[in-house]
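Engineer:
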Amino acid sequence: MNRIDLSSVYRNYIACLNRQDWQKLEQFVHDDVRYNDQRTGLPGYREMLERDFNEIPDLHFNIQLLIADSHYVASRLAFSCSPKGTFLGLAVNGKKVFFTENVFYRFRNDRIEQVWSVIDKAAIEAQL
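Numbering-wise, UniProt numbering puts 67 at position 67 of the sequence shown, and it's gapless, one number per residue.
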């Protein structure tokens, strides 16, 4: 049985996001993916990411911490970006903000089937 290195798969997934290579997203994300316990499916997940990049033109995912085992990935992502308007209910309006996201993924057949995400909104509030 071949063991897939989920750490490498995840790094390739993040690279795919940063390139906005939406055609390859299905290589990393299941058709029936769930985000924070809501079934979004691959089309909804892609739509969410495209909206994020539209609302935050300088969005870039930076891996600060990455832990992986045979079915799960835990990651701390760092962001330094300038959302155009309101972000997480906060009027950022183009100001450069720094924040992190703690995110956990469950993989099935080497693709993401579940995402649990918590963004440090308090860090953004403190900067505004």
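Glycine residues also receive a C-beta, built at the ideal position from the N, C-alpha and C atoms. Since the structure is predicted, the reported quantities are computational estimates derived from the model, not experimental observations.
Could you tell me which uninterrupted alpha helix (DSSP H) segments, each at least 4 residues in length, are contained entirely in the region 19-56, listed from first to last along the chain?
Structural biologist: 41-55
Engineer: Indicate the three-state DSSP secondary structure (helix, strand or coil) for residue 130 in the structure shown.
Structural biologist: Outside the displayed span of the chain (1 to 128) sits residue 130, for which this structure offers no information.
Engineer: Excluding the 5 residues flanking Lys121 on each side, which residues of the same chain have their C-beta closer than 6 Å to its C-beta?
Structural biologist: Leu88
Engineer: Should Phe99 and Phe79 be called a contact, given that it needs their Cβ atoms to be closer than 7 Å?
Structural biologist: yes
Engineer: Quick one: any contact between the region 1-20 and the region 106-113, if contact means 3 or more CB pairs under 8 Å?
Structural biologist: Yes: the two stretches touch, three or more of their Cβ pairs being nearer than 8 Å.
Engineer: Ordered along the chain, which non-local residues of its own chain (more than five positions away) have a Cβ less than 6 Å from that of Ala74?
Structural biologist: Ile67 and Phe104
Engineer: Tell me whether Ile4 sits in a helix, a strand or coil according to DSSP, three-state version.
Structural biologist: coil
Engineer: Rounded to a whole number of angstroms, what is the C-alpha to C-alpha distance between Val118 and Leu25?
Structural biologist: Their Cα atoms are separated by approximately 21 Å.
Engineer: Who are Arg108's beta bridge partners in DSSP?
Structural biologist: Looking at the DSSP assignment, Arg108 forms a beta bridge with Arg111.
Engineer: How long is the line joining the alpha carbons of Gly41 and Lys84, rounded to whole angstroms?
Structural biologist: 27 Å
Engineer: Can you give the Cα-Cα distance for Tyr72 and Asp32, rounded to whole angstroms?
Structural biologist: 17 Å
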